[in-house]
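Participant: Once you've had a glance at the structure underneath, I'll fire off some questions.
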Amino acid sequence: MGQPAKDAAGSRAPAAFSPTQAAAATLAAVAVGAAASGVWAFSTPATVQQPDTVSYRQSGRFSYDAATARNIVYPAGRLTSPAPIFSPLVSSVAVRFAYRLTVPQGRVEGGRAGLEAVLSSSNGWTRRWPLAPPLPFHGASATVTGTLHVSGLFATIAQVQSLTKDTTDSYTLSLVPQVQAQAVAGTRLLTPVFHPVLRFFIQPSWLQLTLPASASAGAILHPLASRSVAFPVTVAHTVNLLGHPVPAPFLRVTAPLLAFLTAAGAGLLLRTEARRLQQLGETSRVARQYRGLLVDVDSLPFSPTARSIRVGSIEGLVKLAEQCERMILHARGEEGQHLYLLENVGESYYCILHEDAPPPPVRTVPAPAAETRGAPAAPPVS
């Protein structure tokens, strides 16, 4: 036996599948996967609740000013924020608060905005009064304006001290905007509120803007607040197939249909293959069905010996080849014989099949002659 035959016989045997069987196996695998997807789709909820986050930003700007006489305290003849307010020089101050709401994922409908003053004492006493009553506004911005009567503020403090006989308490004035806005983001309604505080420390004859140690006057006069709100939303439950999210309701429809079509296709291919094999002779069927295991050679210098085992069927020889992971050598012998040989570790397994018989010839039967219609035949002459 030549070296090429040994190399072929010693190579790893692939699966003995015909192309049709391989295609049917692929369709069957797809059918199983589709059926599994369908089972998952019907066993899981069609929808799930997920949080949908909406962000918005509120900003404001405090300002106050008053006209005064030109002097060394107010050389421009005008008091502007954040300068201190001296009661002997200023009787009233105009205070303003400008508000803006920004919703990147929605639109702002409007709301209500006002401005309130709060006078509080270190002993816990508090008095509130409106500088600008809450009024509706439309759109994303609003400005509220009020008047702070400085002389009246100090008169109130003097009256409290006169009644309580306590002149040691300290007082604080707070300006508090009262803003409630309304915005729409998709189908969700937002109702943000904004109450920043501008504080003044009150001395016997003046008011000074209170600045925290870690903040500047600009930060106090321009308050800013950002927030995100999570809303539960109903979305379709999805499964990741081949890197793409597929909704469960879609799988409930398509998975059973795909499983049926692919299973039917696999069955049709196998049935067609079986019919083709039935129409073939034995050796032709073997060549078609086990082409992945067979290596055709010109001749096999082989004669049965004590270490040779004859296998009763080609199917048995194929099982041995698959178990040993070897190829089967095939050669045509004398008198129409086909020899199939498997060699493994010094032992030989073989099977002999005979050449397919030619199909029987088709006999042509002549059609009977048509009878001639017409006058009856003349009787024989006696």
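So the sequence shown is residues 18 to 399, counted in this note's numbering.
Cβ atoms here follow ideal geometry from the backbone N, Cα and C, with glycine treated the same way.
#1: Ordered along the chain, which non-local residues of its own chain (more than five positions away) have a Cβ less than 6 Å from that of Pro150?
#2: Consult DSSP for Ser179 and reduce its assignment to one of helix, strand or coil.
#3: Taking 8 Å as the limit between beta carbons, can you name the residues of its chain near Gly156, skipping five residues before and five after?
#4: Hey, out of Thr189, Arg205, Ala198 and Gln199, whose CA is closest to Val214's CA?
#5: Per DSSP, what kind of secondary structure is Val49 in: helix, strand or coil?
#6: Using the Cα positions of Gly333 and Pro262, report the straight-line distance between them to the nearest angstrom.
#7: From Gln67 to Arg95, what does the alpha carbon distance come to, in whole angstroms?
#8: Taking the alpha-carbon positions, what's the Ser330 to Cys368 distance?
#9: Could you check whether Val201 and His211 sit closer than 8 Å to each other, using their CB atoms as the reference points?
#10: Relative to the C-alpha of Leu337, which candidate in Val107, Val362 and Tyr366 has its C-alpha closest?
#11: Which whole runs of the alpha helix (DSSP H) in the segment 222-295 are 4 residues long or more, in chain order?
#12: Give the C-beta separation of Leu317 and Ala272 to the nearest angstrom, bearing in mind that I take them to be a contact with Cβ-Cβ under 8 Å.
#13: Just how far apart, CA to CA, sit Arg244 and Val71?
#14: Which of the three DSSP states is assigned to Gly298 in this structure?
#15: Are the CB atoms of His355 and Ala63 nearer to each other than 8 Å?
#16: Counting C-beta neighbours from all protein chains within 10 Å, is the total for Thr181 16 or more, i.e. buried, or is it exposed?
#17: Would the beta-carbon of Arg327 fall within 8 Å of that of Glu364?
Facilitator: Straight from the coordinates:
#1: If the five residues before and after Pro150 are omitted, its C-beta is found closer than 6 Å to the C-beta atoms of Gly131, all from its own chain and listed in chain order.
#2: Helix, per DSSP.
#3: Within the same chain, Gly156 has close Cβ partners Val125 and Gly127.
#4: Selection Thr189, Arg205, Ala198 and Gln199 evaluated against Val214 yields Thr189 as nearest (Cα-Cα).
#5: Reduced to three states, the DSSP call for Val49 is helix.
#6: Whole-angstrom Cα-Cα distance: 47 Å.
#7: Whole-angstrom Cα-Cα distance: 56 Å.
#8: Roughly 7 Å separates the two Cα atoms.
#9: One detail in the question is off: residue 211 reads as Phe in this sequence, not His. Inclusion of Phe211 and Val201 in the CB contact set at 8 Å is not warranted, their separation being larger than that value.
#10: That would be Tyr366, whose Cα lies nearest to the Cα of Leu337.
#11: Runs of the alpha helix (DSSP H) inside the segment 222-295: 234-238.
#12: In fact, because the Cβ distance is near 52 Å, the residues do not count as touching under 8 Å.
#13: Straight-line Cα distance between these residues: approximately 8 Å.
#14: Coil at Gly298, not helix or strand.
#15: Going by beta carbons, His355 and Ala63 fall outside the 8 Å limit.
#16: Thr181 is classed as exposed because its beta carbon has fewer than 16 other beta carbons within 10 Å across all chains shown.
#17: Arg327 places its beta carbon 8 Å or farther from that of Glu364.
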